[in-house]
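Chemist: So the sequence shown is numbered by this note's numbering: it starts at 27 and just counts up by one.
The beta carbon of each residue, even a glycine, is placed where N, CA and C say it ideally should be.
It should be emphasised that the depicted structure is a prediction, and the values quoted were computed from it without experimental measurement.
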Amino acid sequence: MRCLAPHPAGSYLSEPQGSSQCATMELGPLEGGYLELLNSDADPLCLYHFYDQMDLAGEAEIELYSEPDTDTINCDQFSRLLSDMEGDEETREAYANIAFPEELPADLKHRKPAEPPTVVTGSFLMEPGNDSSTLPCLPLPALFNEEPDSGQMCLEKTDQMPIPSSSSSLSCLNLPEGPIQFVSTISTLPQGLWQISGAGTGVSSIFIYHGEVPQASQVPPPSGLTVHGLPTSPDRPGSTSPFAPSATDLPSMPEPALTSRANMTEHKTSPTQSQAAGEVSNKLPKWPEPVEQFYRSLQDTYRAEPAGPDGILVEVDLVRARLERSSSKSLERELATPDWAERQLAQGGLAELLLAAKEHRRPRETRVIAVLGKAGQGKSYWAGAVSRAWACGRLPQYDFVFSVPCHCLNRPGYAYRLQDLLFSLGPQPLVAADEVFSHILKRPDRVLLILDAFEELEAQDGFLHSTCGPAPAEPCSLRGLLAGLFQKTLLRGCTLLLTARPRGRLVQSLSKADTLFELCGFSTEQAQAYVMRYFESSGMTEHQDRALTLLRDRPFLLSHSHSPTLCRAVCQLSEALLELGEDAKLPSTLTGLYVGLLGRAALNSPPGALAELAKLAWELGRRHQSTLQEDQFPSADVKNWAMAKGLVKHPPGAAESELAFPSFLLQCFLGALWLALNGDIKDKELPQYLALTPRKKRPYDNWLEGVPRFLAGLIFQPRPRCLGALVGPSATALADRKQKVLARYLRRLQPGTLRARQLLELLHCAHEAEEAGIWQHVVQELPACLSFLGTRLTPPDAHVLGKALEAAGQDFSLDLRSTGICPSGLGSLVGLSCVTGFRAALSDTVALWESLRQHGETKLLQAAEEKFTIEPFKVKSLKDVEDLGKLVQTQRTRSSSEDTAGELPAVRDLKKLEFALGPISGPQAFPKLVRILTAFSSLQHLDLDALSENKIGDEGVSQLSATFPQLKSLETLNLSQNSITDLGAYKLAEALPSLAASLLRLSLYNNCICDVGAESLARVLPDMVSLRVMDVQYNKFTAAGAQQLAASLRRCPHVETLAMWTPTIPFSVQEHLQQQDSRISLR
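(1) Could you give the DSSP three-state label for LYS665: helix, strand or coil?
(2) Should the region 1032–1047 be called in touch with the region 995–1011, which here means at least 3 C-beta pairs below 8 Å?
(3) Quick one: what's GLN655 bridged to in DSSP?
(4) Give me, in chain order, the residues of the same chain whose beta-carbon lies closer than 7 Å to that of GLU832; leave out the 5 immediate sequence neighbours on both sides.
(5) Taking 7 Å as the threshold (C-beta atoms), are ALA751 and VAL621 in contact?
(6) Please report the distance separating the alpha-carbon of LEU993 from that of LEU939.
(7) Please go through the same chain and pick out, in chain order, the residues whose beta-carbon is closer than 7 Å to the beta-carbon of GLU93, but skip the five residues on each side of it.
(8) Spatial neighbours of TYR424 within its chain, please: C-beta separation below 8 Å, excluding the five flanking residues on both sides.
(9) Where ARG388 and GLU315 are concerned, what is the direct C-alpha to C-alpha distance, given to the nearest angstrom?
(10) Just to confirm my understanding: we take LEU740, look at its own chain, exclude 5 residues before and 5 after, and list those with CB closer than 7 Å. What are they?
(11) Assuming GLY778 contacts GLU807 (C-beta within less than 8 Å), just tell me the rounded distance between them.
(12) Taking C-alpha atoms, which residue in ARG818, ASP343, LEU444 lies nearest to ALA545?
(13) Rank SER652, PRO364, ARG359 by C-alpha distance to the C-alpha of PRO528 and give the top, closest one.
(14) Once you ignore the five residues that flank GLY1050 on each side, which residues in its own chain have a CB closer than 7 Å to its CB?
(15) List the whole-angstrom C-beta distance separating ASN436 from GLU391, where the pair is believed to meet the contact cut-off of C-beta under 8 Å.
(16) Hey, how far is the Cα of PRO746 from the Cα of THR758?
(17) Rounded to a whole number of angstroms, what is the C-alpha to C-alpha distance between GLU975 and GLY851?
(18) Am I right that LEU878 and LEU868 are in contact with their C-beta atoms under 8 Å? What's the rounded C-beta distance?
(19) Return the first residue and the last residue of the beta strand (DSSP E) that LEU545 is part of.
(20) Under a three-way DSSP split, which group does ALA526 fall into?
(21) So, PRO470 versus ARG518, is the Cβ gap smaller than 7 Å?
(22) How big is the Cα-Cα spacing for ALA627 and TYR407?
(23) Tell me whether the beta-carbon of ALA362 lies closer than 7 Å to the beta-carbon of ARG348.
(24) Could you tell me the alpha carbon to alpha carbon distance between GLU787 and GLU562, rounded to whole angstroms?
(25) Is DSSP giving ILE958 helix, strand or coil here?
(26) What whole-angstrom Cβ distance do VAL674 and ALA668 have, given they're in contact under 8 Å?
(27) Any heavy atom of the ligand NAP inside 6 Å of the beta-carbon of SER631?
(28) Rounded to a whole number of angstroms, what is the C-alpha to C-alpha distance between LEU398 and GLY944?
(29) Using the C-alpha atoms, what's the distance from LEU996 back to PRO849?
(30) Could you give the distance in angstroms between the alpha-carbon of SER585 and the alpha-carbon of ALA459?
(31) Cβ atoms of GLY816 and SER839: under 7 Å apart, would you say?
(32) So the alpha helix (DSSP H) PRO931 belongs to, where does it begin and stop?
(33) Is the distance from the Cβ of ASP980 to the Cβ of ASN1000 below 7 Å?
(34) Tell me which residue opens and which closes the alpha helix (DSSP H) that SER1074 is part of.
(35) Check each candidate in GLY672, PHE548, ARG773, ARG774 and name the one with the smallest Cα separation from LEU623.
(36) Put LEU380 into one of helix, strand or coil per three-state DSSP.
Below you can see the structure in the form of structure tokens.
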């Protein structure tokens, strides 16, 4: 908005060049030049503006200046513009059509101002005139619900420009010459409220407002000639004008109507959120009608709630995630596994998450957010919840949300335009005019684009390095379209939200995402809540308690219920079993669960239908696909049967001929069923599908990651209640031969040689097989020390591992660090009598102790404290120091209590402590470590050396030296690479006699010790009666210091080695000293 006002008499405004005195206020330039203006709906009078560049700090009074910006048109320029319009008839008519539409009266349309008029544009609240065509406005006192002051005047004498009620609310008010008084702004108003008054204007007050209609209490009182603390523009940092353009609006600034509407939406609500907002919006500039219609249709598309069990939504946690390299030799990245206590939950839910993402990005920058989760974790349900939240007005920062299932894009040979992605490939194709697409391109920062199941586009990996697609309106390949979005050239400034599985080639591209989140599964309480809601939505509330009892009786299935998909499968089978009778029981394996679900569907199937469907599932899985075409079915009967039984369905947004399996685990089960029935698989090829010992040549990629467990269950479980219940006894002859092949393979495996992930998979396969011989072989071959360091342990993993340890009949020591194991899983493993020791994250363990103490589980608490060890411990972060402090504090609290006594074994038995934080964090964290160091009374090895150098300096050495009298067992002290000078060496030499009876090795390698420091060390060396090795290489002392050390060494027959090579000592001197005493090492 631009506003031109006459020069106030006696004010602080300077005089610009031109015939009149003017000041300008700028909302932003119109896009393009005069030719584009001819075809727009903008009023050329809006080219005049008051554009403030004032930096108002606090509430200080300032002066108003009239220097316009570089793009400001002053009064003289506008006069010349009017003259040019008069000189050219065609231009004059075109501008006349723009400024005065056909609907306006003829006398106003052809009126020519004799001089540049005073124009005030924006959303004005003023008393309506007598003309019925004037934009209706309430009288000012009535609008704010208060009585008019005696000094107030009506606006009836004001010359008002009639505007049709259906048009934009931008209006013009002509004021006679005279002073205009600017009165202070109330800073608490959402957008800004200005009062203009003064003698000679013929107007008592004009309130110019841009935003929400203020309440009565917000009306400012009259004031003087100064402006107090104008509110900062919400879209333009550093500007004090609420009408100043933001950087995101340049150079492609939308027309004023769209800009005003977008600003209103961004800072308040969507047009349909409330009746009050709707009433205000009627007085503000609106979107064009096609855009409004598309907006409403898009809301209607996403607002519908899923019916039945599909509508059950239990909100789960979102955890901030990151990708890390799978190994030091591999470039592939995988999802990092934080400790349970280190998880950073996304606070506030999805609305706050997306709002924070918008606030922290730079203007005109695309924001990429990826939500990762294993198959069945509910990513698609979560994406649908985001769309519904926007449709219900809970994401007001976005004008449009487009949700696209990626399986709709996986069509080889197709060419796409950006319009196709937005309008044609969602859950329901939308009809959008070109005006809608143009509007979206002008404000991409108001667009949220959701790409669900991003792993479906695995064939497009490498698009980050592809050339970008053409212009948005031109067709291109899918790879080019993705390249344009991710390289931030198409729809630049939008928010791109992806959901994907954390594996596969495409995950490597997600490392470039701005923010990564992981979707957690159900907790035990959430799984039970889902069961209750499922039976409530099914109208079977009388079976709720019985269903929970069935689930609790099967701890293995309860642990698997952290997956929403499996939790629903358990509910479906429980519902079917409870309808049959009271003595129902759930199976104890996943294989039994899916056999129970498919068994009833297979009873009335066409001959061979289930086998044909299983073949399709396997073939699709080998191609990393989950969707199929109707013509891929061998017959219409098989297709109709599969659709009727819910084994395949039309996915949202897909073509009519496209079908998909309702869950990834169902596809895995059907793929395993095909492997069990297929006679073409050779015996030597069958073991590779268990994915336990991958082959180096042509390895099986195991994309259908659930196949190994289902295959073991289908092959080994009794035929009548497993494979025979699905395909009949006649079709199971091949399974006997395959059972012998797999049994021979499994018995030859040595579990102790497998990696942690493969060992867990072997335990799952043995559990699914329910074959006693295989289970006993696997658990008896487990090594006594089991390390799962860096391997994620899910609730089912913890359950199966605990069952195997109990059945082994021997004692175990577990390393559970960096596994992300949940507190309940950690407690269940620690409580096993066969577990004699364990290592876990310090923070997780201390939290477990506190939880057990609060719940009064004294026996388990005692076992958890006695079995826990941290030997050896390496400090690699500030958090490690804090966790050590909490551990020491726990011991001090425990020692002071009456019911317990003695030290914690973890503190008492720590013998080796390493400190490697580097030069930045090292000096900060070391004082905290020193304060708790004396608690470790058995400490023998203190290593303060790090490749990146800790640099604790002389101050750190001084603090450490004070603890020596309490470290009676210290044998090795490594102070290498810590920037120690002569002062530090002097402090160290003073305190070393406290360690004379225990210290065996002392290293001061690569410090800054000179001759004075060498003399201090030489003086104390004879007192160190237990010292065997001393390393002072790469320091700064010269031949004088070396000779003092060598002379002291001759009085120390107990020292075996003195390493003191340094470049500051002449080599001849070093050789001479070595010849005198062979214990001097120069290597």
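Modeler: In this structure, then:
(1) Taking the first residue of the sequence shown as 1, we reach residue 665 at position 639. In the structure shown, LYS665 sits in a helix (DSSP, three-state: H, G or I).
(2) yes
(3) Looking up residue 655 in the sequence shown gives position 629. Note: GLN655 sits in a beta bridge opposite GLU684.
(4) Here residue 832 corresponds to residue number 806 of the sequence shown, with the count starting at 1. If we look at GLU832 and ignore the five residues flanking it on each side, its Cβ neighbours are LEU858, CYS860.
(5) If you number the sequence shown from 1, residue 621 lands on position 595. If you number the sequence shown from 1, residue 751 lands on position 725. Against a cut-off of 7 Å, the Cβ pair of ALA751 and VAL621 comes out as a contact.
(6) The count along the sequence shown starts at 1 and reaches residue 993 at position 967. The count along the sequence shown starts at 1 and reaches residue 939 at position 913. Roughly 13 Å separates the two Cα atoms.
(7) By 1-based counting over the sequence shown, the position of residue 93 is 67. Annotation note: pLDDT 41 at GLU93 (below 50); position unreliable, no value reported.
(8) Against the sequence shown, residue 424 aligns to sequence position 398. LEU380, TRP416, ARG472, VAL473, LEU474, THR521, listed in sequence order.
(9) For this step, residue 388 is matched to residue 362 along the sequence shown. For this step, residue 315 is matched to residue 289 along the sequence shown. Spanning the two alpha carbons is a distance of roughly 31 Å.
(10) Taking the sequence shown and counting its residues from 1, one reaches residue 740 at position 714. Only THR617, ALA698, LEU699, ALA702, CYS748, LEU749 meet the Cβ criterion.
(11) Your numbering for residue 778 matches position 752 in the sequence shown. Your numbering for residue 807 matches position 781 in the sequence shown. The pair is a contact, with the Cβ atoms about 6 Å apart (cut-off 8 Å).
(12) In the sequence shown, the residue the question calls residue 545 occupies position 519. First, the amino acid is wrong: residue 545 is Leu here, not Ala. Checked all of ARG818, ASP343, LEU444; the closest Cα to LEU545 is ASP343.
(13) In the sequence shown, the residue the question calls residue 528 occupies position 502. Selected option, being the one with the closest Cα: ARG359.
(14) Working through the sequence shown from its first residue, we reach residue 1050 at position 1024. It is worth fixing the name first, because residue 1050 is Met in this sequence and not Gly. Taken in chain order, the residues that qualify are LEU1018, ALA1022, LEU1025.
(15) As a first step, residue 436 is located in the sequence shown; it is residue number 410 there, counting from the start. As a first step, residue 391 is located in the sequence shown; it is residue number 365 there, counting from the start. No, ASN436 and GLU391 are not in contact; Cβ-Cβ is about 28 Å, not under 8 Å.
(16) Within the sequence shown, numbered from 1, the residue matching residue 746 stands at position 720. Within the sequence shown, numbered from 1, the residue matching residue 758 stands at position 732. Computed Cα separation, rounded: 10 Å.
(17) As a working mapping, residue 975 is identified with position 949 in the sequence shown. As a working mapping, residue 851 is identified with position 825 in the sequence shown. Going from the Cα of GLU975 to the Cα of GLY851 covers about 38 Å.
(18) For this step, residue 878 is matched to residue 852 along the sequence shown. For this step, residue 868 is matched to residue 842 along the sequence shown. LEU878 to LEU868, Cβ: 16 Å. No contact.
(19) For the purposes of this step, residue 545 is taken as residue 519 along the sequence shown, with counting starting at 1. Here the beta strand (DSSP E) through LEU545 covers 541–545.
(20) Here residue 526 corresponds to residue number 500 of the sequence shown, with the count starting at 1. Of the three classes helix, strand and coil, the one that applies to ALA526 here is strand, per DSSP.
(21) Here residue 470 refers to the residue found at position 444 when the sequence shown is read from its first residue. Here residue 518 refers to the residue found at position 492 when the sequence shown is read from its first residue. Cβ distance < 7 Å, so PRO470 and ARG518 count as in contact.
(22) Taking the sequence shown and counting its residues from 1, one reaches residue 627 at position 601. Taking the sequence shown and counting its residues from 1, one reaches residue 407 at position 381. Spanning the two alpha carbons is a distance of roughly 26 Å.
(23) If you number the sequence shown from 1, residue 362 lands on position 336. If you number the sequence shown from 1, residue 348 lands on position 322. It is a contact, given that the beta carbons lie within the stated cut-off.
(24) Along the sequence shown, read from residue 1 onward, the residue named residue 787 stands at position 761. Along the sequence shown, read from residue 1 onward, the residue named residue 562 stands at position 536. Going from the Cα of GLU787 to the Cα of GLU562 covers about 36 Å.
(25) Indexing the sequence shown from 1 puts residue 958 at position 932. Note: ILE958 maps to helix in three-state DSSP.
(26) Reading the sequence shown from its first residue, position 648 is the one you call residue 674. Reading the sequence shown from its first residue, position 642 is the one you call residue 668. So it is a contact: roughly 5 Å between Cβ atoms.
(27) The ligand NAP is absent from the structure shown, which contains no ligands of any kind.
(28) Taking the sequence shown and counting its residues from 1, the one referred to as residue 398 is at position 372. Taking the sequence shown and counting its residues from 1, the one referred to as residue 944 is at position 918. Distance between the alpha carbons of LEU398 and GLY944 is about 32 Å.
(29) Translated into the one-based positions of the sequence shown, residue 849 becomes position 823. Translated into the one-based positions of the sequence shown, residue 996 becomes position 970. The straight-line gap from Cα to Cα measures roughly 35 Å.
(30) As a first step, residue 585 must be located in the sequence shown, where it is residue number 559. As a first step, residue 459 must be located in the sequence shown, where it is residue number 433. Distance between the alpha carbons of SER585 and ALA459 is about 51 Å.
(31) By one-based count along the sequence shown, residue 839 stands at place 813. By one-based count along the sequence shown, residue 816 stands at place 790. No, the Cβ-Cβ distance between SER839 and GLY816 is not below 7 Å.
(32) For this step, residue 931 is matched to residue 905 along the sequence shown. Residues 931–934.
(33) Working through the sequence shown from its first residue, we reach residue 980 at position 954. Working through the sequence shown from its first residue, we reach residue 1000 at position 974. In this structure, ASN1000 does not lie closer than 7 Å to ASP980 by Cβ.
(34) Position 1048 of the sequence shown, counted from the start, is the residue given in the question as residue 1074. Its alpha helix (DSSP H) spans residues 1065–1075.
(35) Your numbering for residue 623 matches position 597 in the sequence shown. Ranking GLY672, PHE548, ARG773, ARG774 by Cα distance to LEU623 puts GLY672 first.
(36) Stepping through the sequence shown from its first residue, residue 380 is reached at position 354. In this structure, LEU380 counts as helix in the three-state DSSP scheme.
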